[in-house]
RNA sequence: GAGCCCUUAGCUUAAUAGGAAGAGCAAUUACCUUCUAAGUAAUGGGUUAUAGGUUCGAGUCCUAUAGGGCACACCA
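In our numbering, the protein residues as written are -13 to 576.
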């Protein structure tokens, strides 16, 4: 049992005895470093029930608690804050209860299932920095939800159809000379992406020619032969034309192979895939049904809309006048399909950039109007864009940071720094390379995950990624240090230690460990890996201080030495556990 | 032009759903002590964008204002 729940009961009891007043709850917080004490009762809220001087009430309560709770040794009152000093025995006992718990911090299964969608790429170009943030957030939130006791299904919707896909197909057909990933040695997604860029270049040339011969820009864009041909291709694809579909399958196949490599490198995976080509027609039946139930209405031209005026939003188109589906149609269908596929779902999380806030607001509203009870459990995990110093990324203009290149670059930087520091004697080349990757990727992932998802990130590949301070390597370093100690600890450090006097730093560390379960719950509730990242940093800061100020293996008292090894190991285990939730590996040595 | 998000130290940021503004980088200084210096210890740096309001108490809630971003398409 935590000290807090014990205290809460005693504070209530004390209030009753002292003033004959019942209070519903007690507010606690960790005592600030500049004051003596471990846990603080905030007295102010209690003034609502018992008028008086907060300092006086604090003193009365403090006296009562010291007398009645064994674990409380002392107290002081500053303004309306009652700071309580908790004795070592409590902390040692607490540590012993968590010490051998391998899943410390994790909740037991609550049999509540969630689906988390992330990545959702187009199949006409490689993944870039924007996807990296998306994928890292989605994967991490999925892991955090698992740790918080949910069953989780990770998914993505692959945007594998549409005019943009036809563009790269067309360009390949025209200018590709039968190139394949095998013949060029290029990753499939890169090869296809090149043709998407190629299309745009040629298209622009055609537009320029047309404008030169007197067309307006608008007309030129619509009349360029390439554009017309791409549209024709889309029609053929929808009609099931054999040649077109076959090319589509081949080129998408290349892209998927490329994506697999990238996902594997990033270290993320999926439980279930949805393809837009399978789902884009799905929504139509739902729209028909909704029309009957007056959820939607039809305009004279045949287009179908949802009236959202009472929600203060403009009406939304859900079906074009020619009967074809729009983005919204498809998303409605996909959501319903998922609910059918996974009947145990208690919520879906969509990891999509904040530019689509409006889209998801509308989607959730429409699903609710359609009467789906689960519509209330949908959540848009909205995150800010990643900007480059040069501005926004545009794939057609080649101003993107490619995901594969980015990871390579991080690994290279890690290699350079490692070699400069030169501490890897006795490591094989293979081990070294694996380590560089762990550090490089860890740096990147931590850099992105430590900030609140809502906030925009300015990413400067040269300068913004630090290997010091609040960074991945700083935390990985702490883990490696503990492993080093464990390798050197040539004695039995199992067993339960009691009755020792704690060093101040040890006490701080145990207090920090105590927070872990709540941190996971908090992160799950707010869908924020940043909560876990910041906690881990605080834990490691505390550990580093402990490590520099207190000797572990050099301690003469055997009990203290064993306890310190156990404590260090627990810290390392917790680092590893927390970093796992972020999808970051930790090294045995660095 | 109804709307949504953001603004905390020079830079990057934290603050448990109103409770004592805290870190990292950069700057200055000290430390390789037999557990790894990608580290530790210390110093300086804040009217939390501005003006009001609610409250015993506001970075946090409300109202305006300024600056930055996003969105509202028979695009996805």
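For every residue, glycine included, the Cβ atom is placed at its ideal position computed from N, Cα and C.
| query | result |
| --- | --- |
| Reference residue 184, options 110, 424 and 132, closest by Cα | 110 |
| Which of helix, strand or coil DSSP assigns to residue 243 | helix |
| Residue range of the alpha helix (DSSP H) that includes residue 223 | 211 to 224 |
| For residue 545, the nearest candidate out of 482, 65 and 436 (CA to CA) | 482 |
| Under 9 Å between C-beta atoms of residue 570 and residue 422 | no |
| Contact between the region 196 to 207 and the region 124 to 142 (3+ Cβ pairs under 8 Å) | no |
| Three-state class that DSSP yields for residue 184 in the structure shown | helix |
| Member of 494, 354, 517 and 505 whose CA lies at the smallest distance from the CA of residue 434 | 517 |
| First and last residue of the uninterrupted beta strand (DSSP E) at residue 62 | 58 to 64 |
| Contact belief for residue 61 with residue 71 at Cβ below 8 Å, rounded distance in angstroms | 6 Å |
| Buried versus exposed call for residue 120 [16 or more other C-beta atoms within 10 Å across all chains shown] | buried |
| Residue 443 (DSSP reduced to helix, strand or coil) | strand |
| DSSP-derived helix/strand/coil call for residue 296 | helix |
| Straight-line gap, residue 230 to residue 217 (C-alpha atoms, nearest Å) | 12 Å |
| At least 3 beta-carbon pairs within less than 8 Å: the region 264 to 283 vs the region 326 to 336 | no |
| Residue 169, buried or exposed, once every other Cβ within 10 Å from all chains shown has been counted against 16 | exposed |
| Local Cβ density within 10 Å of residue 142, reported as buried at 16 or more and exposed below that | buried |
| Inter-residue Cα distance where the pair is residue 426 and residue 279 | 55 Å |
| Secondary structure, beta strand (DSSP E): runs of 3+ residues fully inside the region 121 to 194 | 136 to 144 |
| DSSP-derived helix/strand/coil call for residue 481 | coil |
| Cβ pair residue 302, residue 348 closer than 9 Å | yes |
| With 16 other Cβ atoms within 10 Å as the buried cut-off, status of residue 535 | exposed |
| Inter-stretch contact (C-beta, 8 Å, three-pair minimum) for the region 457 to 468 and the region 550 to 569 | yes |
| Three-state class that DSSP yields for residue 576 in the structure shown | coil |
| Minimum C-alpha distance to residue 261 - residue among 297, 316 and 223 | 316 |
| Coil, strand or helix - residue 425 by DSSP | helix |
| Alpha carbon of residue 91 to alpha carbon of residue 76, nearest angstrom | 19 Å |
| Length at least 4, wholly inside the region 286 to 369: the alpha helix (DSSP H) runs in chain order | 313 to 327 and 343 to 355 |
| Environment of residue 232 [buried if 16+ CB atoms lie within 10 Å] | exposed |
| Neighbour-count burial assignment, residue 559, 16 or more Cβ in a 10 Å radius | buried |
| CA-to-CA distance, residue 156 to residue 215, given in whole angstroms | 8 Å |
| Beta-carbon gap between residue 78 and residue 485 smaller than 9 Å | yes |
| Assumed close pair residue 580, residue 443 - CB separation to whole angstroms, cut-off 8 Å | The structure shown has nothing for residue 580, since the chain only spans -13 to 576. |
| Separation of residue -8 from residue 246, as counted between CA atoms | 51 Å |
| Burial state of residue 539 (16 or more Cβ within 10 Å) | exposed |
| Cα-Cα separation, residue 105 to residue 493 | 42 Å |
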